[in-house]
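Let me begin by presenting the structure, written as structure tokens, before commenting on it.
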Amino acid sequence: MKNNVKVNSNIPFNELPLLPPDNAKIETIAILRQVTLASIALAELKGLAYTLPNPSILLNAVILKEAQMSSEIENVITTHDKLYQALSATGKPIDHETKEVLRYREAMLTGFNMVMKKGFLNINGIVSIQEILEENKAGLRRLPGTSLKNSITGEVIYTPPDDYDTILLLMKNLESYMNETDVISHLIKLAVQHYQFESIHPFYDGNGRTGRIINVLYLCLHGLLDSPVLYLSDYIIKHKADYYRLLGEVKINDNWEGWVLFMLRAVEETARQTNNQIKSINGLFLKLQDKIKENAPKLYNKELLELLFEQPYCKIEFLVDRLKISRVTASKYLSGLEKIGMLQSKKIWKETIYINIELFELLKR
Ligand SMILES: Nc1ncnc2c1ncn2[C@@H]1O[C@H](COP(=O)(O)OP(=O)(O)OP(=O)(O)O)[C@@H](O)[C@H]1O
Ligand SMILES: [Mg+2]
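Residue numbers for the sequence shown follow our numbering, beginning at 911 and rising by one.
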């Protein structure tokens, strides 16, 4: 379908073309070359994720980081320390922004479980992801008045469709596009569906964040990843001006190539970064394993070490639950590992939390 409709940024774009776009526009030579690079990096990531001592180590860390970065694009700022504290020191009151980031994490996990269980991602699923994120049941937009403004100048950049039936029709078309496998690479389709979702802008708020969750779920849906371990939002926030500009240029001058290349580079760079992080985590696991074996051999227990990687902010209860040991033994383990410098204890609220310091530093990056 040709995208030759003139767009006026102040008028609701009810003429947003249905998918798919012309193949010639999204399968240029430059794009196909970049697809190869992104595929290689992503395939390496898919494989490397299995080399971790425990896959949930990365899953926890990446989802938290993705949640943090993606929310930062919306100016919801919290720190890694606050996030881990909120998950471990459960009695402590949590500030509003940290709660919002944790909701992002919950929305992402809910979406992932849905995709794995059902094998598809539909409109209802997308609505429920946004519901968790925004903590309201407003659903798809029914009232006009939504527009995207430049946060500094207040100038209107884009006004999405405002007619409910049009929004529903566009969403059904997007749903089919997302779930079908055709001749176009899923990495190219990833870029196309993200553009379309943001352009439909089906919700009153949270479209950016819902769309970024869908991106990672899309990769899982089509087997490009086995778990949502790619934090694309890190790249997006670093290149936010280009991200906005290129989303706009598809409509303004049909620049599909620029947009698709941007998303493919995001996949490639982020996958590489995650690959290096996995290698560092694996290296650290072996290093700490040796350190315990050398300095406190009686405290060496593989399951315990794995737990300390899964929960970089650990506490006695976690050991009691997982290892089925008494509080006294658990406490001996943790304070013993603190003595050899592997953990650092911190009193948070009314609890003592033991931080796997080197791992935490690594995960923050
Ligand atoms: N010209 C454009 N066309 C389509 N979508 C756009 C355009 N410019 C920006 N967007 C999308 O709109 C999103 C912002 O929409 P909204 O405020 O509903 O989402 P959010 O999740 O609350 O915010 P944010 O994305 O800033 O976190 C941007 O993240 C981007 O994905
Ligand atoms: Mg918003």
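Ideal Cβ placement from N, Cα and C applies to all residues, glycine included. Bear in mind that the values here come from a model prediction, so they are computed numbers and not experimental data.
Where residue i falls, given that 16 or more other Cβ within 10 Å makes a residue buried
i       : result
Thr1120 : buried
Lys975  : buried
Met911  : Reliability of the predicted coordinates at Met911 is poor, the pLDDT of 43 falling under 50, and no value is obtained from them.
Asn1125 : buried
Ala1251 : Sequence check: residue 1251 is Gly here, not Ala. Looking at its Cβ environment, which holds fewer than 16 other Cβ atoms inside 10 Å, Gly1251 is exposed.
Leu1196 : exposed
Pro1054 : exposed
Tyr1074 : exposed
Arg1051 : buried
Tyr1243 : buried
Gly1193 : exposed
Glu1167 : buried
Thr1184 : buried
Leu942  : exposed
Arg1237 : exposed
Trp1259 : exposed
Glu1108 : buried
Asn1034 : exposed
Asn918  : exposed
Glu1090 : exposed
Tyr1068 : buried
Thr1008 : buried
One or two residues paired with residue i in a DSSP bridge
i       : result
Gln1254 : Ile1265
Simplified DSSP state of residue i, which is helix, strand or coil
i       : result
Tyr1210 : coil
Tyr1223 : strand
Phe923  : coil
Ser1109 : helix
Asn1125 : helix
Asp1136 : coil
Val986  : coil
Glu1248 : helix
Ser1086 : helix
Ile1094 : coil
Asn913  : Below a pLDDT of 50, predicted positions are generally treated as unreliable, and Asn913, at 48, falls in that range; no measurement from the model is reported.
Arg1275 : coil
Lys1260 : coil
Tyr1235 : The sequence given here places Ile at residue 1235; Tyr does not occur at that position. Ile1235: coil per DSSP, three-state reduction.
Asp991  : helix
Gly1116 : coil
Ile1202 : helix
Phe1270 : helix
Lys1002 : coil
Check: residue i C-beta below 7 angstroms from any heavy atom of ligand 2
i       : result
Glu984  : yes
Gly1116 : yes
Heavy atom of ligand 1 within 7 angstroms of residue i beta-carbon
i       : result
His1111 : yes
Ile1067 : yes
Leu1058 : yes
Glu876  : Residue 876 cannot be examined here, being either before or after the span of the chain that is shown, 911 to 1275.
Arg1119 : yes
Gly1168 : no
Tyr1128 : no
Gly1158 : yes
Tyr1014 : no
Lys1141 : According to the sequence provided, residue 1141 is Tyr. The question's Lys does not apply to it. Incorrect: Tyr1141 has no Cβ contact closer than 7 angstroms to ligand 1.
Tyr1145 : no
Tyr1223 : no
Tyr1074 : no
Tyr960  : no
Tyr1154 : yes
message: Just to confirm the assignment: which complete beta strand (DSSP E) runs, minimum length 3, are found wholly within the region 1011-1079?
response: 1066-1068
task: Counting only runs of 3+ residues fully inside the region 918-978, write out the beta strand (DSSP E) ranges in chain order.
output: none
- request: Please specify which runs of the alpha helix (DSSP H), each continuous and at least 4 residues long, are wholly inside the region 1141-1199, giving them in chain order.
  value: If one requires a minimum length of 4 residues, the alpha helix (DSSP H) runs lying completely within the region 1141-1199 are 1142-1148 and 1150-1163, in chain order.
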